[in-house]
Every structure is written in C-alpha cells, then in structure tokens.
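Note sheet for the following structure.
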Amino acid sequence: MATDLIEIDAENPDPSAIDRAVKEIDRGRTLGVPTDALYVLVADPFNLLAVAKVFKSKGREPIRSLPLAVSDTLMAEDLAKELTSRFYILARHFWPGPLTIIVPANAKVPLKVTGNTGRLAMRHTRSKVLNAIIDKIGHALIATSANLSGEPTLCSGIELFAAMDGRVDLVLDGGPCVGAGSTTVDITEPVWRVIKEGAITEKEIAERLHADEYLEP
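Sequential numbering from 35 applies to the sequence shown in the numbering used here.
Structure follows, in structure tokens:
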C-alpha cells in the first residue's frame, strides 16, 4: 500500500483536500492529520475493519483504547453513557483545546474502540483540518497519536510520511505542529485522576473543578 501525501494549509484547509479525506475515511482507510499538538491517525470508529487497521498501522495492542475527536459537546453526549457535571465544567473551560476526557461509553461505541473497557476518551481539538473533516463526515473520528506504538509522537507531516509510509493511506501535511501535548483526565470514578499531564496541569483542572462544583446549588 502506497501512502499519498497532500500539502494543506492547517489554518485554511482547501475544501477539496477535506473532501478527499472524507472519501478515504468512508472507504475504511486511515489518514494522518495535523492537530494543535501533534499528528494523529484518523479513521471511522464505527467501521470495525478501519478500527483494526488503526491498531495494525500503529502496532498497538488491541487491549488499549483509541481516543475519539468530537466537534462539540452534543457529539460527546451522543457517545457517552452518562455525563456528569465534571464533564461539562471541563468541556466548557478547556474545549476546544488540549484536554482529553475519559467517560463511560454508550452501547453505540464499538467495544473494540474502548479497548474492551467500556470507557471512552474524547477530545475537541483546535485543529481546523480535523474539525472540518468531522463536520463534513458528521460523526466523531478516531484520533490517536500518529506513531508506531512505543515510538516518539510525530509533529510534522514529513516525519509521519517517513515513519509510516505504507502503513497509512493518506497524509495531510500541514507543516509542523508546535503545541504542547494533550492532558488526559479520567472522570469515570468518584475521584477523578489525571492519566497523563500535558498542556493543562493537574492543578488547573483541580482549581476549575473545585471552583465550579463549589458554586453549584
């Protein structure tokens, strides 16, 4: 499988490139796409063949979950079994942005996407490219770091093309990504916890949750 590469303006993506990306996703293929922090592999989470292809492309163990990118909280509500006030507080203050929130998944999300955990990691990025693709296709997309499992994350389209040529179908090269990585917070348990700290600190999350929960009636 040869990997195609299309140069794209990350701030003003060409509609024809977005259309090409949507067609590839509809065919069950995988893409490399720039976000505000790093490049991600994008695919259809509701196509099990595409899901399996993402695991194979990364060399990732199928017991690990795949995060999804959404375009707003309404899309997140459609994927979650339930959402607490903590979710809405965090989404209101940190989305779009570098925060991934883990919530209970509802039954429409394939169990394979959750790594058989029943929990779903979601993020609304600032990426104009990824958001345009999601808006065009009309549903959430897999958006997992575009790298071989265990290898460093990739921050440019050329690096991605070189590292994963033949493993993905298309790379949208929007140049280098310079933002800090996403923070991941798990709010599925009574006591929330940061799984991975990135651009948003645990202290910022704690201060925001404490302030807003204290103000709730």
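A virtual CB, placed ideally from N, CA and C, is assigned to each residue, including glycine.
The model shown is predicted, which means the values in this text are computed figures rather than measured ones.
Cβ-based burial, V67 [other Cβ within 10 Å; buried from 16]: Within the sequence shown, the letter at position 33 stands for residue 67. Flag for V67 reads buried.
Option nearest P101 by Cα separation, candidates E58, D220, W226: To locate residue 101, count along the sequence shown from 1; it is residue 67. Of E58, D220, W226, the smallest CA-CA separation from P101 is found for D220.
S216 versus V56, V205, V228, P210, residue with shortest Cα-Cα distance: What you label residue 216 is simply residue 182 of the sequence shown in a count that begins at 1. Comparing Cα-Cα distances from S216 to each of V56, V205, V228, P210, the minimum goes to V228.
Identified DSSP bridge partners for D70: Here residue 70 refers to the residue found at position 36 of the sequence shown. For D70, which the question treats as bridged, DSSP gives no partner whatsoever.
Pair within 8 Å by beta-carbon distance, G191 and G208: If you number the sequence shown from 1, residue 191 lands on position 157. If you number the sequence shown from 1, residue 208 lands on position 174. Contact: yes.
Option in L124, D78, E223, W226 with minimal Cα separation from H158: Here residue 158 corresponds to residue number 124 of the sequence shown, with the count starting at 1. H158 has its Cα closest to that of L124, out of L124, D78, E223, W226.
Inter-residue CB distance, V85 and A177 (contact presumed, cutoff 8 Å): One-based indexing of the sequence shown puts residue 85 at position 51. One-based indexing of the sequence shown puts residue 177 at position 143. At roughly 13 Å, the Cβ-Cβ gap does not stay under 8 Å, so V85 and A177 are not in contact.
Rounded distance between the beta-carbons of L204 and A36, thought under 8 Å: Against the sequence shown, residue 36 aligns to sequence position 2. Against the sequence shown, residue 204 aligns to sequence position 170. With 8 Å as the limit, A36 and L204 do not qualify as a contact, their Cβ atoms being about 10 Å apart.
Beta strand (DSSP E) runs contained entirely in the region 178-239, provided each spans 3 or more residues: Whole beta strand (DSSP E) segments, 3+ residues: 204-207, 217-220, 227-230.
Nearest-angstrom Cα separation, counted from L108 out to V202: Taking the first residue of the sequence shown as 1, we reach residue 202 at position 168. Taking the first residue of the sequence shown as 1, we reach residue 108 at position 74. A direct Cα-to-Cα measurement between V202 and L108 gives close to 30 Å.
Exposure label - A51; buried when at least 16 CB within 10 Å: Locating residue 51 in the sequence shown gives position 17, counting from the first residue. Around the beta carbon of A51, a 10 Å sphere encloses 16 or more other beta carbons of the protein chains shown; the residue is thus reported as buried.
Secondary structure of R160, DSSP reduced to three states: Here residue 160 is taken as the residue at index 126 of the sequence shown, counted from 1. Three-state result, R160: coil.
Opposing strand residues paired with V137 [DSSP bridges]: Start at 1 with the first residue of the sequence shown, and residue 137 comes out as number 103. For V137, which the question treats as bridged, DSSP gives the partners L154.
Cβ-Cβ separation, A71 to F132 (assumed contact under 8 Å), whole Å: Position 98 of the sequence shown, counting from 1, holds the residue named residue 132. Position 37 of the sequence shown, counting from 1, holds the residue named residue 71. Reading off the sequence shown, one finds Pro at residue 132, where the question assumed Phe. Going by Cβ atoms, the distance from P132 to A71 rounds to 6 Å, so yes, they are a contact pair.
Nearest neighbour of F89, chosen from M156, D112, V104, R63 [CA to CA]: The residue given as residue 89 occupies position 55 in the sequence shown. The candidate whose alpha carbon is nearest that of F89 is R63.
Proximity below 8 Å, CB of C211 to CB of T69: Taking the sequence shown and counting its residues from 1, the one referred to as residue 211 is at position 177. Taking the sequence shown and counting its residues from 1, the one referred to as residue 69 is at position 35. Going by C-beta atoms, C211 is nearer than 8 Å to T69.
Buried/exposed call for T235, threshold 16 Cβ in 10 Å: Numbered from 1 along the sequence shown, position 201 holds the residue referred to as residue 235. Burial call: exposed.
For V147, three-class secondary structure by DSSP: On the sequence shown, residue 147 is found 113 positions in, with the first residue counted as 1. It is coil, neither helix nor strand.
Nearest candidate by alpha-carbon position, reference G152, set A196, A114, K237: As a position in the sequence shown, residue 152 is number 118, starting the count at 1. When the alpha-carbon of G152 is set against those of A196, A114, K237, the nearest one is in A114.
Contacts around S105, its chain only, beta-carbon distance under 7 Å, and the 5 residues preceding and following it disregarded: As a position in the sequence shown, residue 105 is number 71, starting the count at 1. Excluding positions up to five away in sequence, the list reads H158, N165, I168, D169.
Beta-carbon proximity of A174 to P79, cut-off 8 Å: For the purposes of this step, residue 174 is identified with residue 140 of the sequence shown, where counting begins at 1. For the purposes of this step, residue 79 is identified with residue 45 of the sequence shown, where counting begins at 1. Closer than 8 Å, so yes.
CB contact flag (S99, T148, <8 Å): Here residue 99 refers to the residue found at position 65 of the sequence shown. Here residue 148 refers to the residue found at position 114 of the sequence shown. A Cβ-Cβ contact shorter than 8 Å links S99 with T148.
Check whether T222 and V163 have beta carbons under 8 Å apart: Working through the sequence shown from its first residue, we reach residue 222 at position 188. Working through the sequence shown from its first residue, we reach residue 163 at position 129. No, the Cβ-Cβ distance between T222 and V163 is not below 8 Å.
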